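One structure below.
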Amino acid sequence: MKYDNYDEDAIRRSRKRKSQLMKKKRQKILRRRLIMMAAVTFLIVLAVVIVNVTLGLKKTLGQKAAFASDITDETQSEILMPTEAPTEPPLIYAQMAEDYQDLSADAQIASPYAALLDVNNHRIIAGKLADTKIYPASMTKVMTLIVVSENIDKMPKTYTFGFEMLNRLYREEASVAGFLEGETVDVEDLMYGLVLPSGADAAEALAIMVAGSNEEFAKLMNEKCKELGLKYTHFTNPTGLYDEEQYTTPSEMAMIMEYAMKDETRAKVLGTYQYKTKATEQHPEGIPLTSTMYSRIYGNEAPGVLVKGGKTGFTNEAGSCLVSYAVTNKGNAYVFCTGGATYRWAPVYDEIYVYKNIIPASAKDLETETTKMSPNN
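The opening residue of the sequence shown carries number 102 in the working numbering; numbering runs sequentially from there.
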C-alpha cells in the first residue's frame with residue numbers, strides 16, 4: 102500500500118524528539134532518586150551522632166555524680182581552694198592587748214600621749230591615751246619616706262631647688278637640710294636630708310619629684326594609709342607643718358614606723374646617725390647631716406635593747422614627739438611613739454624609761470650588753 106503524503110524525514114525528527122524527551126525524563130528521575138538517597142543517608146548519620154552524644158553525656162554525668170559522692174570535707178577544700186598562697190597584708194593592724202598596761206598614772210612618763218607596740222605579736226601592750234588624735238609634726242616624714250621609696254623607680258633622679266620654695270619655708274620657720282637655690286641634689290641625699298635633720302626642703306622636693314605638688318603627694322600618702330588599714334590618720338602635706346586636718350594617733354604612728362622598717366633602704370635611712378651629701382657647686386664639700394634623734398641618744402641606754410631607727414617631731418600645736426623602733430637582744434621588736442610633750446627632751450627620756458622598764462623582762466637578756474649605735478648603722 103502506498104502513502105501519498107509519507108514524509109520519512111519528518112518521522113525521524115519526531116522520533117528523535119521523543120527520544121530526547123524520554124532521556125531528560127529519565128535523568129530527572131535519577132537526580133530525584135540521588136537527592137532522596139543523600140537525604141536518607143544524612144538523616145541516618147545524624148541519628149547515629151545524636152544517639153552517641155546522648156549516651157556519652159549520660160556516662161559523663163554518671164561519673165561526675167559518683168565522683169561527687171566520694172568527696173569529703175578534706176578533698177573538697179583541696180579542690181576548691183586556690184593553689185597559690187594567700188597574699189600577706191602589708192601590715193597587720195595592731196589591737197589593744199588583753200593585758201594592756203595603762204601608763205597614765207606613771208609619773209616617769211612626761212608625754213601626755215604614748216603607745217608601745219609589740220611588733221612580734223601585733224599588739225599595743227602599753228600606753229597613755231594611745232588612740233587619741235595627735236598632730237604628728239615631723240614624724241610625718243616617716244610616711245613621706247615610705248611613699249618616696251615605693252615610687253623611686255618612677256621619679257626623676259635629681260631635683261634643682263628654686264628660690265620660691267626655699268623662701269617660703271624660711272618664712273614658715275620650717276626645719277631644713279640646708280640646700281640652696283640652684284643646687285641640684287639626687288634622691289639619696291634628699292632622703293637623708295628628709296630624715297636626719299628633718300628637712301622640709303628635702304620633703305617638698307621629693308613630693309614634687311613623685312607627684313608634682315605637695316597636694317598630689319598628700320593624696321598618695323592617704324592612699325597608703327588606706328592600704329595599710331589605718332583608720333585615724335590623715336595627711337595634707339609631706340613636711341609635718343601644722344594643719345588641723347593632718348593627724349594620727351600614737352598607736353597608728355607606731356604602726357607606720359613598723360611598716361617603714363620592713364624595707365632595708367628605709368631602715369638604713371631611719372637608723373643613720375650622720376651622713377654627708379655629695380659635693381655640688383653650692384656645697385663643694387657636701388652638707389654634713391646629723392640625726393635629730395641620735396644626737397640625743399646612743400640607742401643602747403636601756404639594757405638588752407637597741408634602738409634601730411626613729412624620727413623626732415615638733416610644732417607648737419603638736420608639742421615634742423618621737424617614734425622609734427627597737428630590737429631586744431632576744432630578737433623581739435617594739436615601736437614606741439609619744440606626742441604632745443612640753444619640752445624637747447621629754448620624748449627621749451620617756452623612750453629610755455619605757456624600753457628599760459615597760460618592755461617585758463622576758464623579752465630581753467639583761468646579762469648581755471647591747472652594742473653602741475654608730476654612724477650609718
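For every residue, glycine included, the Cβ atom is placed at its ideal position computed from N, Cα and C.
Please read all numbers here as calculations on a predicted model, not as lab measurements.
{"query": "Answer with buried or exposed for D219, where buried requires no fewer than 16 other C-beta atoms within 10 angstroms of its C-beta.", "result": "buried"}
{"query": "Can you check the stretch 396 to 454 for any beta strand (DSSP E) of at least 3 residues that lies completely inside it and give the ranges in chain order?", "result": "406 to 416, 420 to 429, 434 to 442"}
{"query": "Are A211 and A231 close, meaning C-beta to C-beta below 7 Å?", "result": "no"}
{"query": "Which of the three DSSP states, helix, strand or coil, is assigned to V288?", "result": "helix"}
{"query": "Would DSSP call E365 helix, strand or coil?", "result": "helix"}
{"query": "Just the Cα atoms here: how many angstroms apart are M137 and Q128?", "result": "14 Å"}
{"query": "For the structure I just gave you, are there three or more beta carbon pairs, one from the stretch 196 to 210 and one from the stretch 221 to 230, closer than 8 Å?", "result": "yes"}
{"query": "Under 7 Å Cβ to Cβ from V406, same chain only, skipping five residues before and after it: list those, please.", "result": "A427, T429, Y456, I460, K465, T471"}
{"query": "Excluding sequence positions up to five away, which residues of its chain have a Cβ less than 8 Å from the Cβ of S314?", "result": "A308"}
{"query": "From A434 to G372, what does the alpha carbon distance come to, in whole angstroms?", "result": "14 Å"}
{"query": "Nearest to G263 by alpha carbon, out of Q347, Q383, E353, T416?", "result": "Q383"}
{"query": "How far does the beta strand (DSSP E) with L390 in it extend, from its first residue to its last?", "result": "389 to 391"}
{"query": "Taking the continuous beta strand (DSSP E) assigned at L217, which residues delimit it?", "result": "214 to 219"}
{"query": "So what does D203 bridge to, in DSSP terms?", "result": "G228"}
{"query": "Skipping 5 residues on each side, what residues in its chain have a beta carbon closer than 6 Å to that of F168?", "result": "Any reading at F168 must be qualified, since the residue scores a pLDDT of 43, below 50, and its modelled position is unreliable; the value itself is stated next. No residues qualify anywhere along the chain."}
{"query": "Would you kindly check if the distance between the Cβ of S239 and the Cβ of G387 is under 7 Å?", "result": "no"}
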